[in-house]
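Residue numbers for the sequence shown follow our numbering, so the first one is 1 and each next one is one higher.
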Amino acid sequence: MKSFCKLFHFLKTTLLLTGLGAASTFAGVCSDGMKISRIELQGLEHTKDRVVLRELQNHEGDFFSVEKFEQEKLKLQDLDLFTEIDADCNGGVLTYRFKEIFRWIPSPAGKSTDRDGLMIGLALANLNVLGEDIRAEVQYRTAVDPIFESNEYAFYASSPYLFGLPLGWNFEFLRTDSWDDIRSFQDDSYLADLDVDYQLTNHMSLLGSVAFRSLKNAAEIPEAGLGFAFDFRDSRLDSRKGVYFEYMLTHVGMGDTDDSDCNADVVEEAGATAGCRGMGGENYWEFLADARAYFSIWRFVTGATALARLRPGDVERYDYFYHGGANTFRGHEADSNSVGVHEVLLTLEERFVLRERKAASLWGINFFYGLQLVAGLDGSLLWDKGNPGWNNYEGAVYGGLHLVIPALDRVRFEVGYSPDRNEPKFYFGLFDKTTSARWRSR
């Protein structure tokens with residue numbers, strides 16, 4: 001029995017060290033129980049040491065753990081700063097070796113929304129400002145069809161820490177000038193939004209959000225929200241196992257009294273002032289629940305997700321949800337017949353990992369990539385008042401190929417089919433759907 005236990009422990013350690021094909025490399029022998037006399041970091045040209053050290057679970061004076069190394073490697077990959085993360089041991093010295101992702105990115109900009117379709121433009125991003133794991137980006141985007149009729153200017157900045165505190169933050173400033181043919185209004189607006197995430201424990205965070213939106217011909221719309229999240233996933237990017245639960249309560253608007261900004265000098269044939277058709281302010285609460293669960297066997301990854309948002313109160317049509325497209329419901333395109341005040345999005349997805357994350361370099365630019373085949377089921381519930389019924393539900397099947405890359409998380413090429421519409425649709429999407437489904441501009 002003792003021999004069997006020793007053999008089992010040896011096999012377990014060997015599998016962890018090889019990472020089951022996940023590109024874990026130990027140049028020297030790092031065995032469980034080795035006393036760590038010193039930790040060294042190599043390859044950090046643009047990243048400050050403390051960005052890495054705060055993610056480590058193996059510390060000087062402790063005994064080395066292969067299991068902890070696998071966990072801290074996933075945390076370091078979540079930073080989206082490195083293409084390779086390896087370690088070796090020599091005489092009690094634990095050395096971490098890194099290869100950094102490109103830092104400055106002057107490049108074409110892309111975005112895919114269900115409303116405007118594919119948008120392209122120019123972007124300048126720095127993925128690691130001052131070496132502090134702060135991401136900043138400016139973008140200009142315009143819709144492809146018709147080109148230059150829908151325009152968007154954006155500035156984004158985010159980081160998982162603030163002055164050394166585990167306070168993640170994400171700031172967004174967005175200028176939009178786009179005709180919304182689904183909800184029939186000109187989205188001539190400015191948006192400033194700040195989201196924070198304070199990590200109380202390893203698995204629990206307090207969430208906060210404040211935003212202010214100025215919508216021409218409507219109102220000045222403030223937002224404020226509080227919530228909490230439980231995160232037991234192995235990784236935030238490309239999750240393979242674990243669960244995530246988030247609950248958020250947000251208040252939007254200040255009311256609908258004398259806050260409609262209509263242009264009196266522009267009069268339509270019917271005698272109504274342009275822009276006055278329901279374009280007043282809002283006053284409602286939003287109850288949000290976001291649940292995700294993942295389970296893996298070998299290269300097969302099963303994921304089940306549910307997003308529910310209920311909005312009691314005064315919601316104007318310009319903020320109605322709509323379903324259809326790569327970011328919501330992959331059974332048909334978004335249209336004016338699929339809008340509502342409340343929504344539930346359900347997805348059951350199976351992924352097969354064709355190629356695990358692999359480091360690469362092109363013209364001196366370091367990056368990584370991976371490939372995954374996907375197939376799944378989408379469910380959509382969209383309604384205005386009361387409780388939803390079967391007439392508010394739609395279902396679809398989809399399949400496709402995902403390319404896993406830095407910064408964008410993944411690029412999605414998918415085909416969806418809804419029996420109710422009886423016509424397959426091709427979709428192109430950026431980011432995981434659990435991320436893109438939460439965008440304000442849908």
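By construction, the Cβ of each residue, glycine as well, lies at the ideal position given by its N, Cα and C atoms. Values in this document were obtained by computation on a predicted structure and should not be read as measured data.
Item: Cβ-heavy atom distance, G395 to the ligand MG, below 8 angstroms; Value: Within the structure as shown, the ligand MG is missing, as the structure has no ligands at all.
Item: Of the residues K216, S159, L200 and P166, the one placed nearest F185, counting alpha carbons only; Value: K216
Item: For L248, the residue or residues it bridges with in DSSP; Value: This sequence places Met at residue 248; Leu is not what is there. Its beta-bridge partners are G227 and L288.
Item: Supposed close pair G225, M248 - CB separation, criterion 8 angstroms; Value: 5 angstroms
Item: Pairwise C-alpha distance: W390 and Y156; Value: 40 angstroms
Item: Three-pair Cβ contact test at 8 angstroms for the segment 321 to 333 versus the segment 354 to 363; Value: no
Item: C-alpha distance - S100 paired with R50, whole-angstrom precision; Value: One detail in the question is off: residue 100 reads as Glu in this sequence, not Ser. C-alpha separation (whole angstroms): 15 angstroms.
Item: Limits of the unbroken beta strand (DSSP E) element including T305; Value: F300 to L310
Item: Alpha-carbon spacing of S336 relative to L408, whole angstroms; Value: 29 angstroms
Item: Beta-carbon gap between S158 and F171 smaller than 9 angstroms; Value: yes
Item: Backbone CA spacing between R292 and G91 [nearest angstrom]; Value: 43 angstroms
Item: For L81, the nearest candidate out of E70, F287, L200 and I365 (CA to CA); Value: I365
Item: Contact belief for L373 with V397 at Cβ below 8 angstroms, rounded distance in angstroms; Value: Not a contact, Cβ separation roughly 14 angstroms.
Item: Separation of G395 from P419, as counted between CA atoms; Value: 8 angstroms
Item: Other residues of its chain near N58: CB distance less than 8 angstroms, five sequence neighbours each side excluded; Value: I36, I39, F64, S65, K68, F69, E72 and L94
Item: D193 vs E223 beta-carbon contact at 9 angstroms; Value: yes
Item: Closest residue to A304 among W298, Y294 and R103 (Cα-Cα distance); Value: Y294
Item: Identity of the residues DSSP links to C89 by a beta bridge; Value: L94
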